[in-house]
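Asks: Residues 0 to 242, numbered by numbering that gives the first Met the number 0, are exactly what the sequence shown covers, in order.
A virtual CB, placed ideally from N, CA and C, is assigned to each residue, including glycine.
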Amino acid sequence: MQPLSPKELLKHATHFAAEEQILVQGKRIAGQIRSILSQYASESESERSTTLKALGDAVILTLERYQVGADLQVVAWTTRSIFELEFMLAFVTASPENLRSFANDIVLDEIQVREAGIALDFDRRDPEVARRQDEALERLRKRKAELGLTRNRPMSTSEIARCLGREAEYNAHNKLYSKIVHPTAYFLMGGRLESTDWGAYGLHVMYQGVQKAARFLKTLSTSLNGGPTSTPESESGDPDSRS
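(1) Starting from V58, follow the alpha helix (DSSP H) in both directions and report where the run begins and ends.
(2) Going by DSSP, what residue range makes up the alpha helix (DSSP H) through F86?
(3) Using 8 Å as the cut-off, can you tell me whether the segment 14–31 makes contact with the segment 60–71, which would need three or more C-beta pairs spanning the two stretches below that distance?
(4) Can you give the Cα-Cα distance for S235 and S34, rounded to whole angstroms?
(5) Measure from the alpha carbon of E168 to the alpha carbon of each residue in F86, N97, N224, then state which is nearest.
(6) So, using beta-carbon positions, are A102 and T50 closer together than 8 Å?
(7) Suppose the cutoff is 7 Å on Cβ atoms and the five residues either side in sequence are ignored; what does the same chain contact list for K52 look like?
(8) Quick one: Cα of P95 to Cα of E46, how far?
(9) Judging by CA-CA distance, which residue of R191, H14, E18 is the nearest neighbour of M205?
(10) Which same chain residues end up closer than 6 Å to R64 when comparing Cβ atoms and leaving out the 5 residues on each side of it in sequence?
(11) Please work out which residues of its chain come closer than 8 Å, Cβ to Cβ, to L146, disregarding the five sequence neighbours upstream and downstream, and give them in chain order.
(12) Which parts of the segment 104–178 are runs of the alpha helix (DSSP H), unbroken and 4 residues or longer, counting only runs that do not cross its ends?
(13) Could you give the C-beta distance for R113 and L136, rounded to a whole number, given that I count them as a contact under 8 Å?
(14) Measuring straight from C-alpha to C-alpha, what distance separates S80 and R214?
(15) Quick check on A16: does DSSP put it in helix, strand or coil?
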């Protein structure tokens, strides 16, 4: 293996320093989300508070997945998760009807998961386990009927984006993340037709994730406190300024 030249070493050091700076902002945002949630920990476990806590905890855990020098696919997957969680929070805090719709999706989601498990013959050899699985599925289907749900699947993130009037934003970001997260021809064979700076892609994608987390924090604070909190969104800077 050839040693890196001084120029290459400088490039890597600069890139890692830029990633570290973005991660510092991400950790700060995670801490602020955790602080807001802890202020309302004693609040009665209403559907709203339970949902907001679940979404907030998910963003915190997802931010912690970012690492300096992480694989681009991992970075893109992490960013897409934060991106979707931010849309979900915007949706459930927009109206009580949206919150109820999201809560109903829990039933629809579990029905789909359990149907898939049965179709794939998960733990079906034991008759007693199979019986309990079937009974659980029937209870969920009965609950769906009691709720008057006519749809058979939960809302997709693209549908949520459409409801929020943010479909163009969703499509633009999701197209990039999907090309990287999934084993597409471009990601597997890309850079052969036209040179691609994968490191720069990763830096931008990570930066976008932290930006979305900052937006999540602002929405959460507004929803729980009635007003925005200060966020480090503007402090993280643009990756272009560090290259």
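Replies: In brief:
(1) Counted from its first residue, the sequence shown places residue 58 at position 59. Residues 46–62.
(2) Here residue 86 corresponds to residue number 87 of the sequence shown, with the count starting at 1. Its alpha helix (DSSP H) spans residues 71–91.
(3) yes
(4) As a first step, residue 235 is located in the sequence shown; it is residue number 236 there, counting from the start. As a first step, residue 34 is located in the sequence shown; it is residue number 35 there, counting from the start. Low per-residue confidence applies at S235: pLDDT is 43, beneath 50, and the placement is therefore not dependable enough to give any value.
(5) Translated into the one-based positions of the sequence shown, residue 168 becomes position 169. When only C-alpha atoms are compared, the closest one is F86.
(6) Numbered from its first residue, the sequence shown carries residue 102 at position 103. Numbered from its first residue, the sequence shown carries residue 50 at position 51. Result yes, Cβ atoms of A102 and T50 sit closer than 8 Å.
(7) In the sequence shown, residue 52 corresponds to position 53, counting from 1. So the qualifying residues of the chain are L36.
(8) Locating residue 95 in the sequence shown gives position 96, counting from the first residue. Locating residue 46 in the sequence shown gives position 47, counting from the first residue. Going by the C-alpha atoms only, they are around 10 Å apart.
(9) The residue given as residue 205 occupies position 206 in the sequence shown. Closest by alpha carbon: E18.
(10) The residue given as residue 64 occupies position 65 in the sequence shown. Taken in chain order, the residues that qualify are T77.
(11) Taking the first residue of the sequence shown as 1, we reach residue 146 at position 147. For L146, where only same-chain residues beyond five positions count, the Cβ hits under 8 Å are N103, V106.
(12) 126–145, 156–163
(13) Taking the first residue of the sequence shown as position 1, residue 113 is located at position 114. Taking the first residue of the sequence shown as position 1, residue 136 is located at position 137. At roughly 5 Å, the Cβ-Cβ gap stays under 8 Å, so R113 and L136 are in contact.
(14) Your numbering for residue 80 matches position 81 in the sequence shown. Your numbering for residue 214 matches position 215 in the sequence shown. S80 and R214: Cα-Cα distance of roughly 14 Å.
(15) The residue you call residue 16 lines up with position 17 of the sequence shown. Note: A16 maps to helix in three-state DSSP.
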